Amino acid sequence: LCRWLYQPTDDLIQKLLHLDLYNNIQECYCGLKMGEYDPCFVLLQFFNLPQLKILHLKMKDPTISTINNKSHTELEKCIEMNSILQELKIEYKGGDEITSTINSFIRGVTKNKTITSLTLLVIVHADAPPPPLLPDGVIEQLLKDNNTLQALSLGSLPSSLNNIVEVTTPLTALEIREEREKGSKPMTSLLPHIKGLHCLILHEPYPPHLLFVSHSSLHTLTLPLDTAKSAIELFTILRTNTTLKALSVEIKKERVYTSRMGASLQDMLTQNQTLKYLEFYDFRFSSFLSFLTTGLRHNTSLQQLSVSIQLNEVNDDIRTFINFIFKKKNLTELELNFTPDQSYSNCSREKRKQIMTPLFYEQVLPAVMNMLQSHTTIRLLRIVCVPINKESSQPNWIELVQHLYETIFIHPSLEYVGIYTGYIPSLLEDTLEDQKKTFRNNQPHKPLPIVDIA
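Numbering of the sequence shown is given in our numbering, commencing with residue 156 and proceeding in unit increments.
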């Protein structure tokens, strides 16, 4: 089951989930938008589905009806006794607080014996009063008493974790989105107590040397960097690291970009021959592409690369980088995020559309076509260029788009192309359908790559 429900109520959800046709559902991916209901009551209805193993539930902007405290006790017991559930992803965003429901939910998961993956994200609107803190010890008990959780993602950590002394939950994957309270560092207290992590996703900076002291066997790491020192420290460690396979880095501050940081990145890519995936999120300064290019020139292990490129700064560094990666045969998955340069950061969205739309059609698309014609081993390609005017069209753009699809359809190895522009341009969408029909008429037995426009 996969669907959004708009304006749901307690009665509607109860009647819907009590229908016999839902008794055999094992996976449910559902969103509830607005409406009037009690999140605790709603969770109970889902957890009473007899065969449910996986539940991903989003609750967005509900008006919370009268809360029944008895339901909280029932929710905790229902989750505790459930012997089918394996994976839960619960996201709530709204103006009303649901601390009591979350408290009962976590207590139930703590005692459950089958759940192996849990994601819990609660976002209260900025103009709403901050929700009450969870009672001290709730997260600590989860990490101490649950013996089945392997993957855990939390929106924030309570300050009570500053005093944690033991973690026995067998986690191999952990995501922490933010530290809720300023001056509180529960992440620093928690991470050294967790052993055996293979995947770690952090949304707040953390000292790399402390990270690898506690978790030397990481396979996947996402880490924001807010100083040049932390970036150099990370890249120095990774020169000789042979276990990490995937690295995603977000550069949070302009001050991170120093020549020493660039040289350290270059040396890491030159010396590390085990890293398979590399993502630079928000990598904005094209001057550092030269370090990236030189490092990649000597690297033979990297298969997946994701990087940002500023479009209207088409200088020699950008041209060299683009031409180089188009010929890098070991790269089989590539994501390029094209952005306007810093001088347009304060422009309105409409102004950015005016800037980005011709750049997309006249610079990005020809570059993509050139790459596909010279790179015969690429399997997956994602192009991000936001925002684009969805109705704009020029005669030469139509020819470019037609040529793009022809190039995609005849490519020997391409399996998937994603083009993300913020809005779906009519030119891209209509031309795609026409080109598909033409190609299938001419070559009915050749499978087409998936082309996803969003």
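Built from N, CA and C at the ideal position, the CB exists for glycine as well.
All values reported here derive from a predicted model rather than from experimental measurement.
- Minimum Cα-Cα distance from leucine 204 among the listed residues Gln169, Met189, Gly186 corresponds to Gln169.
- Just so you know, the alpha carbons of histidine 358 and lysine 592 end up roughly 44 Å apart.
- Rounded to the nearest angstrom, the gap between the Cα atoms of glutamine 241 and asparagine 302 is 13 Å.
- For valine 279, there is no enclosing alpha helix (DSSP H); the residue is part of the beta strand (DSSP E) that begins and ends at 272 to 279.
- Look at the beta carbons and you see the stretch 264 to 271 touching the stretch 241 to 252: at least three pairs across the two are nearer than 8 Å.
- For isoleucine 533, no beta strand (DSSP E) segment is defined, and its DSSP state is neither H nor E.
- A Cβ-Cβ separation of about 17 Å leaves serine 414 out of contact with phenylalanine 435 under the 8 Å criterion.
- When Asn597, Ser308, Asp472 are compared, the shortest CA-CA separation from threonine 274 is found for Ser308.
- Of the candidates Leu176, Thr395, Gly573, Pro580, the residue whose Cα lies closest to the Cα of aspartate 607 is Gly573.
- Under the rule that a run must span 3 or more residues, the beta strand (DSSP E) segments found entirely inside the stretch 534 to 564 read 535 to 540.
- If you ignore the 5 residues before and after asparagine 223, its C-beta comes within less than 8 Å of the C-beta of Asp193, Cys195, Phe196, all in its own chain and listed in chain order.
- Counting other Cβ atoms within 10 Å of its Cβ, methionine 511 reaches 16 or more and is therefore classed as buried.
- For isoleucine 349, no beta strand (DSSP E) encloses it, and the DSSP letter there is neither H nor E.
- Nearest to isoleucine 473 by alpha-carbon distance, out of Asn318, Thr448, Ala281, Asn485, is Thr448.
- By the criterion of a C-beta distance shorter than 6 Å, glutamine 200 is surrounded in its chain by Ile168, Gln169, Leu172, once the five residues flanking it on both sides are discounted.
- Using a 10 angstroms sphere on the CB of proline 521, the tally of other CB atoms stays under 16, which defines it as exposed.
- Taking the C-beta atoms as reference points, threonine 324 is found no nearer than 8 Å to leucine 346.
- Separation of threonine 475 and arginine 158 (C-alpha to C-alpha, rounded to the nearest whole angstrom) is 45 Å.
- Per DSSP, glutamine 426 is one residue of the alpha helix (DSSP H) stretching across 414 to 426.
- Rounded to whole angstroms, isoleucine 406 and proline 379 show a C-alpha spacing of 6 Å.
- Taking all protein chains in view, the Cβ of valine 277 is crowded by 16 or more other Cβ atoms within 10 Å, so the residue is classified as buried.
- The residues Ser259, in chain order, have a CB closer than 8 Å to that of threonine 228 in the same chain once the five nearest residues on each side in sequence are set aside.
- If you draw a straight line from the Cα of glutamine 509 to the Cα of lysine 340, it is about 44 Å long.
- Collapsing the DSSP output to three states places leucine 212 in a strand.
- Separation of the CB atoms of isoleucine 533 and leucine 569 is rounded to 6 Å, and the pair is thereby assigned contact status at 8 Å.
- Contact annotation: isoleucine 579 and alanine 609 have beta-carbon atoms nearer than 8 Å.
- With the rule of 3 Cβ pairs closer than 8 Å, the stretch 181 to 190 counts as touching the stretch 209 to 226.
- Annotation: lysine 482 to glutamate 584 spans about 29 Å, alpha carbon to alpha carbon.
- As computed with DSSP, isoleucine 608 is found in a beta bridge with Ile574.
- The beta-carbon distance between histidine 374 and leucine 399, rounded to whole angstroms, is 6 Å. This is short enough to meet the 8 Å contact definition.
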